[in-house]
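For the record, in the sequence shown the residue sitting at position 256 is 1196 according to this note's numbering, with numbers rising by one throughout.
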Amino acid sequence: MSEGEKQKSSSQEKVQNRYRPLKVAVNVEHLWVERNGKTILEDINLKIYEREIVAIVGPNGGGKTTFLKTLLGLIKPTRGKVEIFNLPPEEAVKRHLIGYVPQKINMKKESCLSALDVVLLGMWFLKIPKEEKIKKALQALEYMNVLHLKEKRFSDLSGGQQQRVNIARAIASEPKLLLLDEPTTGIDFAGQQTFYQLIQKLRDEKGFTVVMVTHDVGVVWKYVDKAVCINKRLHYHGDPKLILDPKILEKIYNAPVVPLYHQHP
Ligand SMILES: Nc1ncnc2c1ncn2[C@@H]1O[C@H](COP(=O)(O)OP(=O)(O)O)[C@@H](O)[C@H]1O
Ligand SMILES: [Mg+2]
């Protein structure tokens, strides 16, 4: 191929890439969830595209955790459709496409598991030799900047360090979609910024799609592509900057809310 032809073909590729339709990672249509006769989620419609970082905000009891569990297939919809990369959630889980960090991880204080053990426990289902598992676990710890803590007891780590290990555990098996439920609870402001930068790095370098529940409205908008507010219904979906709007916050939280701004860059 001549130099000119090469250039032409490369520019054609660029054009094709630019116009390649984005893959839908999460597709939710008319989702209703009831538990014990009570409606928890009502007619939720949402599309999340591959490589997007999405924040879910909303009041406690609004159904955010229920929503994530529905994406994982742990809770069945009463009505409506949920697809993860065009698959039913159970199938996506079976194919290890989803990594999940729950809101509360019950780990006994006296547990003597090391950080590395915790990551390895999250890879029990992988049918690969142990040495390879360890290699992947160490890579994930390194990626989350906690490799130096691998021998430390998980229960002795700070909240922020534990959360990084938890994410290392969720990404070690190389899923495509990462679901995080209030990952920055108990982490200070500087820690939150670093944490969200790491999440961006995961997306940029590893191509993850990330959906996280959070209350850090004053911080998170800078790091996400979309904000979604869930309080039984989906109240708002779009430009993350708007979750700083007191009128929108008041509507979502059913009470006046003043977002805490941080002026640092
Ligand atoms: N296991 C359950 N059985 C019945 N209702 C539940 C269960 N778990 C949560 N709920 C109810 O579902 C609603 C939404 O809870 P949740 O999804 O945890 O909200 P959020 O994560 O936004 O705080 C709440 O009213 C809660 O009481
Ligand atoms: Mg919750």
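Built from N, CA and C at the ideal position, the CB exists for glycine as well. All of these numbers come straight from a predicted model, not from anything done at the bench.
Relative to ligand 2, the beta carbon of Gln1103 is positioned no closer than 8 Å to any heavy atom. Under the DSSP assignment, Thr1149 falls in the beta strand (DSSP E) whose first and last residues are 1149-1153. Of the heavy atoms belonging to ligand 1, none sits nearer than 8 Å to the Cβ of Gly1013. Beta-bridge annotation (DSSP): Asp1121 is paired with Val1153.
Bridge pairing for Tyr1040: Leu1119 [DSSP]. DSSP places Asp1144 within a helical segment (H, G or I) once states are collapsed to three. Between the alpha carbons of Lys978 and Thr1018 lies a distance of about 11 Å. Ala1130 counts as exposed, since fewer than 16 other C-beta atoms from the protein chains shown sit within 10 angstroms of its C-beta. Looking at the DSSP output, Ile996 shares a beta bridge with Val1153, Val1168. Rounded to the nearest angstrom, the Cβ distance from Gly1039 to Pro1115 is 4 Å, consistent with a contact under 8 Å. If you keep only unbroken alpha helix (DSSP H) runs of at least 4 residues inside the region 1019-1103, you get 1029-1034, 1055-1061, 1070-1083. When beta bridges are read from the DSSP output, Val973 appears opposite Leu981. Measuring C-alpha to C-alpha distances from Leu1060 to each of Lys1021, Glu1023, Ser1095, Ile1111 identifies Ile1111 as the nearest. In the three-state DSSP reduction, Gly1158 falls in the helix class (H, G or I). Beta-carbon to beta-carbon, Leu1081 and Leu1056 are separated by about 7 Å, close enough to satisfy the 8 Å threshold. Check the Cα spacing between Met1063 and each of Arg1035, Leu1087, Asn1085: the tightest is with Arg1035. Contact check for Arg991 against Leu1037 fails: the beta carbons are separated by 9 Å or more. By the Cβ-count criterion, Gln1137 is exposed, with fewer than 16 other Cβ atoms from all chains shown falling within 10 Å of its own Cβ. Taking 9 Å as the cut-off, the beta carbon of Ile1139 is found closer than this to the beta carbon of Val1150. Pairing Gly1020 with Glu969 gives a Cβ-Cβ distance under 9 Å. Cβ-Cβ distances below 7 Å link Lys1073 to Leu1060, Met1063, Leu1066 in the same chain, with the five nearest sequence neighbours on each side left out; the list follows chain order. Per the coordinates, the alpha-carbon of Pro999 lies some 43 Å from the alpha-carbon of Lys1070. DSSP places Leu962 in the coil class of the three-state scheme, outside both helix and strand.
Residue burial is scored here from C-beta neighbours: Arg975 has fewer than 16 other C-beta atoms within 10 angstroms and is therefore classed as exposed. Between ligand 1 and Phe1007, a heavy atom-to-CB distance of less than 8 Å is present.
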